[in-house]
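Okay, structure first, notes after.
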Ligand code: 4AD
Ligand code: MG
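Residue numbers (the numbering used here): 1 to 447.
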């Protein structure tokens, strides 16, 4: 038997006889010819079975194969620019077919299915080409995140998932029973990151985070992955510089490494190609003024067909506001200095204007909304204790966190990037449920 190779590597085997192992994605027959579309996890390849090139038995096997049957085929690799497939451009001139697991009638056919049905069959849906492509892009994004941070002086120090206290508000906590004591699934690793920078300077944690979000939106999951870099001796302005380089690298890496996947997704790449530093920066005040001017003119929110809703100073942006703001720029845009009252307790208020804080969100173009949230952290112990009290949080579980301000406090900043929202943006998906293999959403945790 010739060597088994991946479909992705067929380009290196032109003219050679190789074997491919995979599943039958689709099949058409025309007299003495069978066209088997086989997928192997790395791509999809057209395998052409000509009756004269295989034994009668093998030809019959080809005829009997059902969608999603597993099989091995062997044949000669031909460059064929018109051959369908992913990445495409090659086909296999088949000499041998071996059926492995013949599939029962497969519930997902090329016809349209409702999302509910597909979500119930998520364990099968992930085999479909668009789902496959999005999850492969996700893997590249995760790799790009680690590569950039690892090569820019960040140390990966992971933080606990079981935590005794809230960090991002008390309304989205998942409570668990920790041997009789209440504990919570981590909403963020940030507080622990802040301890870690005093040992390592620049750190990141990267793992699943949990928010009991009560609303169903296309941007919220109950369980999502977040990478959180945190940097000692770093101001808000320096943080934005780190973020724009980091996010640009991730996007450019996808454009480089995910050509076939982005083609499967039919992603329009024009916005992504423009993602390079510097990103525009606007103050929250300016964003509010832009929104209210648009609302007064009756401007529509791009992609919504609804007018831009006005906003009162002090309010948080809804998704139409974020979409409108982002559409005014040709790159992701930073909105900084949000009102202190709507942000987390740990953010540093602006010195001469404490009603706003040294926070920054990065809004992605094309309606993908906030993909990072970050800030300069409070560095004075007294101010931090007052903020904890103002937020009606118990002081005891935060004592260690206040300690960080007692033993060599420094100005420091960090941010969190949501992996699923980044995948949705890069892939052009309109819902985060397709950006993770098994999404956890309000009232949905199966399979
Ligand atoms: O803005 P957030 O809540 O910030 C934090 O958690 C900070 N502690 C991060 C830090 O400074 N270290 O969340 C950060 C990002 C958001 O911008 C968004 O991309 C994503 O995490 N995110 C969610 N993604 C999916 N589903 C949810 N429910 C999300 N909540 C936040
Ligand atoms: Mg946020």
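All C-beta atoms, glycine included, are put in the ideal place defined by N, C-alpha and C.
Starting from residue i, trace the alpha helix (DSSP H) in both directions and tell me its first and last residue.
| i | result |
| --- | --- |
| residue 118 | 115-120 |
| residue 27 | Residue 27 -> not in any alpha helix (DSSP H); beta strand (DSSP E) instead, spanning 17-30. |
| residue 64 | 56-64 |
| residue 386 | 381-390 |
| residue 396 | Per DSSP, residue 396 belongs to no alpha helix (DSSP H) and is neither H nor E. |
| residue 259 | 259-264 |
| residue 149 | 129-150 |
| residue 270 | 270-273 |
Under 7 Å: does the beta carbon of residue i sit that close to some heavy atom of the ligand MG?
| i | result |
| --- | --- |
| residue 373 | yes |
| residue 370 | yes |
| residue 361 | yes |
Between which two residues does the beta strand (DSSP E) harbouring residue i extend?
| i | result |
| --- | --- |
| residue 323 | No beta strand (DSSP E) contains residue 323, which is instead part of the alpha helix (DSSP H) from 319-327. |
| residue 413 | 412-418 |
| residue 76 | 70-79 |
| residue 95 | 90-99 |
| residue 370 | 369-376 |
Can you check which of these residues, the options, is closest to residue i by C-alpha distance?
| i | options | result |
| --- | --- | --- |
| residue 378 | 421, 2, 357, 334 | 357 |
| residue 321 | 279, 364, 410, 446 | 364 |
| residue 264 | 194, 103, 132 | 132 |
| residue 214 | 172, 254, 189, 179 | 172 |
| residue 423 | 170, 314, 255, 110 | 255 |
| residue 285 | 269, 334, 227 | 334 |
| residue 41 | 31, 7, 47 | 7 |
| residue 142 | 236, 225, 316 | 225 |
| residue 24 | 56, 55, 61 | 61 |
| residue 233 | 376, 12, 431 | 376 |
| residue 130 | 161, 287, 206, 428 | 428 |
| residue 153 | 440, 312, 231 | 231 |
| residue 342 | 330, 359, 328 | 359 |
Bridge partners of residue i, per DSSP?
| i | result |
| --- | --- |
| residue 282 | 335 |
| residue 176 | 183 |
| residue 226 | 207, 418 |
| residue 254 | Note: residue 254 sits in no beta bridge, so no partner. |
| residue 404 | The partner list for residue 404 (beta bridge, DSSP) is empty, contrary to what the question assumes. |
| residue 349 | 357 |
| residue 232 | 412 |
| residue 199 | DSSP lists no partner for residue 199. |
| residue 50 | 33 |
| residue 424 | BP columns for residue 424 are empty, so no partner. |
| residue 307 | 300 |
| residue 364 | 369 |
| residue 156 | 204 |
| residue 441 | 444 |
| residue 314 | Answer is none; residue 314 lacks a bridge partner. |
Is residue i near the ligand 4AD, in the sense that its beta carbon is under 7 Å from a heavy atom of that ligand?
| i | result |
| --- | --- |
| residue 448 | Nothing in the structure corresponds to residue 448, since the chain is present only between 1 and 447. |
| residue 59 | no |
| residue 445 | no |
| residue 219 | yes |
| residue 212 | no |
| residue 432 | yes |
| residue 238 | no |
| residue 188 | yes |
| residue 367 | no |
| residue 119 | no |
| residue 421 | yes |
| residue 415 | yes |
| residue 246 | no |
| residue 290 | no |
| residue 441 | no |
Leaving aside the five residues before and after residue i along the sequence, list all residues of the same chain whose C-beta is less than 7 Å from its C-beta, in chain order.
| i | result |
| --- | --- |
| residue 354 | 340 |
| residue 101 | 69, 70 |
| residue 447 | 122, 123, 438 |
| residue 107 | 121, 124 |
| residue 332 | 247, 275, 279, 362, 363, 364, 365 |
| residue 98 | 71, 72 |
| residue 210 | 174, 185, 186, 187, 222, 223 |
| residue 281 | 240, 334, 336 |
| residue 373 | 361, 415, 416 |
| residue 301 | 308, 320, 323, 324 |
Residues in the same chain with beta-carbon distance under 6 Å from residue i, minus the five sequence neighbours each way, listed in chain order, please.
| i | result |
| --- | --- |
| residue 191 | 167, 401 |
| residue 251 | 272, 275 |
| residue 261 | 133, 136, 137 |
| residue 196 | 157, 203 |
Spatial neighbours of residue i within its chain, please: CB distance less than 8 Å, with the 5 preceding and 5 following residues excluded, ordered by chain position.
| i | result |
| --- | --- |
| residue 369 | 219, 319, 322, 323, 326, 363, 421 |
| residue 393 | 165, 166, 170, 345 |
| residue 33 | 48, 49, 50, 51 |
At the 8 Å Cβ level, is residue i part of the contact set with chain D, yes or no?
| i | result |
| --- | --- |
| residue 106 | Of the protein chains in this structure there is only one, and it is not chain D. |
Using only the heavy atoms of the ligand FAD, determine whether one of them is closer than 7 Å to the beta carbon of residue i.
| i | result |
| --- | --- |
| residue 90 | As far as ligands go, the structure on display features the ligand 4AD and the ligand MG and does not contain the ligand FAD. |
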